[in-house]
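What follows is a set of notes on a single structure, which appears directly below.
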Amino acid sequence: MTQKEIDLLGPRERFAVKLEIMLKQAGYSRIDFAPFDEYELFDKNRAFVGGLHLLTFTDSFGTLMALRPDVTLSAMKQAAARPEKSLKLYYHEDVFRYTRDTHQYQAHQQIGCEVIRKDRVPLALPVLSLAQQVLMGLPSRTVLVLSHVGFLQSDSWYQHLEEDDQNTLLDLISRKMQKELADKLSQLGCPDKESHKLRFLAGLSGSAENVYQQVLKEGLDRAAVDAAKDLAEKADRIEKDDDHTVVVDFSLVNPLNFYNGLVFQGFARGCWGPVLSGGRYDLLARKFLKGEDTNAGAIGFAADLDALSPLWD
Amino acid sequence: MLTIALPKGRLGDKVYSLLDQAGLGIPEMEDYGRKLVIENEEAGIRYLLVKPSDVAVYVEKGGADLGVCGKDILEESGADVFEMVDLGFGKCSMCVAAPQTYVEDYDRKVRVATKFEHIARSYYASIGRDADFIHLNGSIELAPVVGLSDVIVDIVETGTTLRENHLKVITKFMNISARLIVNKASYRFNDGRIDQIVRAIKETIA
């Protein structure tokens, strides 16, 4: 498509085309999917897709199918069946999600990318830099929020909790409910040191370097220091300016049975929620690539074109 | 301009008084009449006066950067917001209530009348009890009186309304109070102003 042809498109389509060009130039290959997949795929990985409100139907063979709430799982399934050891894939697909306030299912148009490696964990920085490039291409101020769930995954007390209690703590952390978090940790008998660490980190946000210095000053454990240091190093190497900033906020947490380490979200001024979400999900990759090298890993993100709609109005 | 959604009515007046003490007062609020938008450009603050049950929606969808609403509204709506301060007032409880003579019958589904269907469903799912839910918008206490339901799930403050309708509390399962909520994107773009406001409010209520 020529620049002249691109300029004829509306702003949303122009953004989509430019994003696809950006991904191709970064070495990603497009993959296409049917809009539905087997219900079982999402049922077995319901924590990854954030619950299980799915639009389902039975196909002509009697198999229960679902309109896809997420592309990553389908991408993982395909990657497991392909011979390549390393895959850089991008997609431009609709996902179908239930919206609680309207009690309706809605299609969300996403453009996303996945780096899946069967032999070792992929590097995070190139993917993170690409996400920031996407944000910097928007006609608005943006913030890229980085977080790291390693501080929870390495916590032996947390890992021994029942799944319901873990999910409750994640919910309280993600909503910045400090008092309720303290009460719940106390109710669960969390040791003082762990409780202090979890509450301190859950309430910690700001520039990456500032966050790292605060973690050092607080004398937290190795896992917390490593997580903060990792984020500071990455943030330092990502392009940014006054209108496109990078911050760290440990209250950003994703389901820990799939995500590990880095998670991130992008916000654009004028849009009321995150416009881009991603993270490292080596654990999901290893679950799908059974029999492969246990060093397998994956990282990716998706931009929600519908969440970006206010920018095109 | 920071936009704050206030619930109309008694709770809103109480909330504004707190925000005023925390440094967010504006002279225009003293006599707002029937206005729904009151702003002071110099202070960079705009207040929206909205139906209490709509505050969470305004904040979640970016119509307001911050707001105050009851925990009941938040839980029922499931709004994806930061819930940053329990303001400690507007205290009440979410309860199961039933007629004075009510005896639980585990042999059949319980019929539950409520305005808070999502909260009620979550509660009964948590106790493994099968239930039919009847959504009502007001005077919920009437439902078991006329045989529409066995029990109700509703907010109880002093218990006066229940007593006057010959109902009793069976179970109290959620504490409710007014909460300061923040839009997740607004939190990122206000250059720390929202954190300052949260700190100021916490200091005021301490």
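In order, the protein sequences belong to chains A and Y. Residue -8 is where the first sequence starts when you use my numbering, and the numbers rise one by one after that. Residue 1057 is where the second sequence starts when you use my numbering, and the numbers rise one by one after that. Idealized CB from N, CA, C, for every residue including glycine.
Counting only beta-carbon atoms, is F33 of chain A nearer than 8 Å to chain Y? no
Is the stretch 1246 to 1259 of chain Y touching the stretch 1075 to 1088 of chain Y, taking contact as three or more C-beta pairs under 8 Å? yes
Reference V324 of chain A, options A:V244, A:N245, A:Y250, A:Q256, closest by Cα: In the structure as shown, chain A starts at -8 and stops at 304, and residue 324 of chain A therefore has no counterpart that could be examined.
Can you name, in chain order, every residue of its own chain whose Cβ lies under 8 Å from the Cβ of A1154 of chain Y, other than the five neighbours on each side? Result list for A1154 of chain Y: P1200, D1206, V1207, I1208, L1223, K1224, I1226, in chain order.
Examine chain Y for any beta-carbon lying closer than 8 Å to the beta-carbon of V136 of chain A, and answer yes or no. Yes, its Cβ sits closer than 8 Å to a Cβ of chain Y.
What residues from chain Y crowd round M56 of chain A, counting only those whose CB sits closer than 7 Å? Correct list: empty, because the minimum Cβ distance to chain Y is about 26 Å.
Within its chain, find whatever has a CB closer than 8 Å to the CB of E1084 of chain Y; leave out the 5 residues flanking it on each side and keep chain order. For E1084 of chain Y, where only same-chain residues beyond five positions count, the Cβ hits under 8 Å are I1094, E1095, N1096.
Taking DSSP's pairing of strands, which residues face E84 of chain A in a bridge? A:Q101
Which one of A:Y30, A:A25, A:L119, A:S138 has the shortest CA to CA distance from F292 of chain A? Selection A:Y30, A:A25, A:L119, A:S138 evaluated against F292 of chain A yields A:L119 as nearest (Cα-Cα).
Between K167 of chain A and chain Y, is there a C-beta pair that is closer than 8 Å? yes
Less than 8 Å between C-beta atoms, sequence neighbours within five positions excluded: which residues of the same chain meet that for L310 of chain A? Residue 310 of chain A falls outside the range modelled here, since chain A spans only -8 to 304, and no answer is possible.
For the alpha helix (DSSP H) that L1130 of chain Y lies in, which residues bound it at each end? 1127 to 1133
Buried or exposed for L195 of chain A, please, with buried defined as at least 16 other CB atoms from any protein chain shown within 10 angstroms of its CB. buried
Between the beta-carbon of F142 of chain A and the beta-carbon of L80 of chain A, is there less than 8 Å? Not in contact: F142 of chain A and L80 of chain A (Cβ atoms no closer than 8 Å).
Taking 8 Å as the threshold (beta carbon to beta carbon), is W263 of chain A in contact with chain Y? yes
Comparing the C-beta of F258 of chain A with each C-beta of chain Y, is any distance below 8 Å? Closer than 8 Å: yes.
Range of the contiguous alpha helix (DSSP H) that encloses F1145 of chain Y: That residue, F1145 of chain Y, is in no alpha helix (DSSP H); it is neither H nor E in DSSP.
Give me the DSSP bridge partner(s) of S138 of chain A. Answer is A:V254, bridged to S138 of chain A.
To be precise: take each residue of the stretch 1221 to 1251 of chain Y, compare its Cβ to all Cβ atoms of chain A, and keep it if any distance is under 7 Å. Which residues remain? N1239, K1240, A1241, R1244, F1245
Could you say which of Y:R1185, Y:G1123, Y:V1113, Y:A1241 lies nearest to G1134 of chain Y if we only look at CA atoms? Y:V1113
State the Cα-Cα distance for the pair H1174 of chain Y and E1132 of chain Y, rounded to the nearest angstrom. 6 Å
Beta carbon of I164 of chain A nearer than 8 Å to that of V112 of chain A: no
In the structure shown, what three-state DSSP assignment does P1063 of chain Y receive? strand
So, H107 of chain A versus L10 of chain A, is the Cβ gap smaller than 8 Å? It is worth fixing the name first, because residue 107 of chain A is Ile in this sequence and not His. Between I107 of chain A and L10 of chain A, the C-beta spacing is not below 8 Å.
Threshold first: 3 residues or longer. Then list the beta strand (DSSP E) segments lying entirely within the stretch 127 to 181 of chain A, N to C. Segments of the beta strand (DSSP E) lying fully in the stretch 127 to 181 of chain A: 133 to 139.
Report yes or no: do the stretch 1158 to 1175 of chain Y and the stretch 1237 to 1248 of chain Y share at least 3 C-beta pairs separated by less than 8 Å? no
Where do the N-terminal and C-terminal ends of the beta strand (DSSP E) with Y1103 of chain Y fall, by residue? Note, Y1103 of chain Y: beta strand (DSSP E), 1101 to 1106.
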